[in-house]
Amino acid sequence: MWISKTEYLTFNTKKEKELVRITDMVDDFVRRCGLYDGLVLVSAMHITAGVIVNDWESGLHQDIMEWLEDVAPVRSDYRHHRTGETNADAHLKNLTVGYQVVIPVTKGELDFGPWQQIFYAEFDGRRPKKVLMKALGTGSEA
Amino acid sequence: MWISKTEYLTFNTKKEKELVRITDMVDDFVRRCGLYDGLVLVSAMHITAGVIVNDWESGLHQDIMEWLEDVAPVRSDYRHHRTGETNADAHLKNLTVGYQVVIPVTKGELDFGPWQQIFYAEFDGRRPKKVLMKALGTGSEA
Amino acid sequence: MWISKTEYLTFNTKKEKELVRITDMVDDFVRRCGLYDGLVLVSAMHITAGVIVNDWESGLHQDIMEWLEDVAPVRSDYRHHRTGETNADAHLKNLTVGYQVVIPVTKGELDFGPWQQIFYAEFDGRRPKKVLMKALGTGSEA
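Chains as they are written, first to last, in my numbering: chain X, 4 to 145; chain Z, 4 to 145; chain L, 4 to 145.
Structure below.
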């Protein structure tokens with residue numbers, strides 16, 4: 004039995020820029036929808052946020068955010084800001100790390116290496132923003 | 004009924020570097036192939052172009068192209084140029100923003116947030132270049 | 004007939020940082036599992052390595068590795084190193100180029116442009132590390 008199922012997560016971070024661990028939310032979704040073997044797309048529905056897979060280590064998370072500030076800095080003079088926006092840097096950070104990952108699922112489990120964890124990467128937060136999860140593959144009852 | 008269908012787009016931009024909005028082309032493809040629920044891979048078939056999802060705002064587009072010039076600049080001294088090529092920067096820009104996206108489709112529609120638009124990102128244009136679209140999921144008649 | 008099949012590759016590079024061409028390994032997997040039309044996820048199972056699609060040209064490969072050293076440099080003062088690790092730069096390089104690609108397969112062949120090749124990008128090697136391949140789509144006997 005092949006299945007295709009979708010759910011949405013909503014985040015409203017307290018900080019403007021923040022990494023939120025969502026591995027367990029994706030894992031819960033996989034169990035709820037009964038995916039046994041296939042893929043789960045985890046994709047931000049906003050263009051000022053990202054989704055990454057990396058290490059669950061707070062020092063590294065600070066390194067990542069500081070590095071992104073070097074690569075795609077906050078600046079006042081982006082042309083995008085002539086529209087009244089102030090978040091062009093968040094768009095560039097989104098382009099740097101990407102806004103989606105495809106998670107493999109095997110025998111009903113996230114098929115991950117020992118250190119892989121999924122994070123929602125907020126670059127322009129303090130308001131509700133959504134992430135889509137879509138599972139595609141064979142169901143547990145297949 | 005599960006379907007798997009493929010089409011190709013061809014771009015021949017007037018400028019060497021250019022962002023081309025392709026949301027409607029992907030949407031048309033989804034309707035033509037009858038995908039009701041699933042995923043569409045949108046993937047450049049060249050290694051000097053990208054595919055991104057971001058905002059449809061001309062100021063931001065200039066910001067993105069100038070930022071990419073900072074991150075992955077045109078330079079004469081890339082080793083790749085010893086082969087006669089002059090476009091190593093375009094390869095690096097492709098690696099920075101990525102060359103493919105996976106678009107979720109739900110109830111026959113692109114399942115997008117309010118600001119998400121798909122763009123073909125040409126970094127070495129003025130010649131015909133292709134983008135593949137492949138739909139995988141349940142068809143409308145399922 | 005729809006199929007979903009998974010295999011793993013293991014790499015143990017001699018150099019700490021290295022690009023390894025894996026196009027043929029992915030192609031072999033597609034033939035072995037009998038995928039006729041669909042997608043193959045090729046995804047590193049480590050957070051200090053990447054998977055990219057680009058040109059098979061040694062000069063460009065040197066350019067890519069030097070460019071990554073500019074964008075995400077080796078440094079001693081990353082916070083991550085307080086844990087005893089020394090590879091924070093490898094995490095940042097992984098975030099820059101991405102750790103997975105989705106390869107389209109049409110009529111049993113990798114549906115690639117003329118210059119597209121798949122590479123495993125090792126940023127912290129000299130130990131065994133794995134890459135997952137998962138095929139999803141219609142089988143050859145469909």
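We treat Cβ as the ideally placed atom computed from N, Cα and C, and that holds for glycine.
From a predicted model like this one, the values you see are computed outputs, not experimental measurements.
Can you have a look at residue i and say buried or exposed, based on whether 16 or more other CB atoms are within 10 angstroms of its CB?
i, result
"X/Ala145", "Confidence is the limiting factor: at X/Ala145 the pLDDT is only 47, short of 50, which leaves the residue's position unreliable and the question unanswerable from this model."
"X/Ser46", "buried"
"X/Thr99", "buried"
"L/Tyr123", "buried"
"L/Ser61", "exposed"
"Z/Thr141", "buried"
"L/Met4", "exposed"
"X/Met48", "buried"
"Z/Tyr79", "For the record, residue 79 of chain Z in the displayed sequence is Ser; it is not Tyr. So Z/Ser79 counts as exposed."
"L/Asp73", "exposed"
"L/Asp27", "exposed"
"X/Asp66", "buried"
"L/Asp58", "buried"
"X/Tyr11", "exposed"
For residue i versus residue j, is the C-beta distance shorter than 7 Å?
i, j, result
"X/Thr16", "X/Phe126", "no"
"L/Lys133", "X/Pro107", "no"
"Z/Pro131", "Z/Thr9", "no"
"X/Asp114", "L/Leu135", "yes"
"Z/Ala91", "Z/Tyr81", "yes"
"L/Leu71", "L/Lys96", "yes"
"X/Val56", "X/Ile121", "yes"
"L/Gly87", "L/Glu19", "no"
"Z/Gly41", "X/Ser143", "no"
"L/Val105", "L/Val54", "no"
Who are residue i's beta bridge partners in DSSP?
i, result
"Z/Pro107", "Z/Leu42"
"Z/Phe122", "Z/Arg24 and Z/Ile55"
"X/Ile6", "X/Gly140"
"L/Thr13", "L/Lys133"
"X/Glu112", "X/Thr109"
"Z/Ala47", "Z/Val134"
If we define contact as Cβ-Cβ less than 7 Å, is residue i a contact residue for chain A?
i, result
"L/Asp58", "No chain A is present in this structure, whose protein chains are X, Z and L."
State whether the stretch 13 to 31 of chain L contacts the stretch 23 to 43 of chain Z, with contact taken as three or more CB pairs (one from each stretch) at a distance under 8 Å. Taking 8 Å as the limit for Cβ pairs, the verdict is that the stretch 23 to 43 of chain Z does not touch the stretch 13 to 31 of chain L.
Using a Cβ-Cβ cutoff of 8 Å, what residues of the stretch 62 to 77 of chain X are near chain L? List them in chain order. Under the 8 Å Cβ criterion, the stretch 62 to 77 of chain X contributes Gly62, Leu63, Gln65, Asp66, Ile67, Trp70 and Val74.
Residues in the stretch 101 to 129 of chain Z with C-beta within 8 Å of chain L's C-beta atoms, listed in sequence order? Listed by position along the chain: Gly101, Tyr102, Gln103 and Val105.
Please name the residues in the stretch 34 to 48 of chain L whose beta-carbon is closer than 9 Å to at least one beta-carbon of chain X, in chain order. Here the close residues are Leu42, Leu44, Ser46, Ala47 and Met48.
Quick one, which residues of the stretch 4 to 22 of chain Z are near chain L if we go by CB-CB under 7 Å, in chain order? Within the stretch 4 to 22 of chain Z, the qualifying residues are Trp5, Ser7 and Thr9.
Could you list the residues in the stretch 85 to 102 of chain Z with a C-beta less than 8 Å from some C-beta on chain X, going in chain order? Within the stretch 85 to 102 of chain Z, the residues whose Cβ lies closer than 8 Å to some Cβ of chain X are Thr99, Val100 and Gly101, listed in chain order.
Tell me which residues of the stretch 128 to 142 of chain Z have at least one Cβ-Cβ distance to chain X shorter than 8 Å, keeping chain order. Contacts with chain X (Cβ-Cβ distance below 8 Å) from the stretch 128 to 142 of chain Z involve Leu139, Gly140 and Thr141, listed in chain order.
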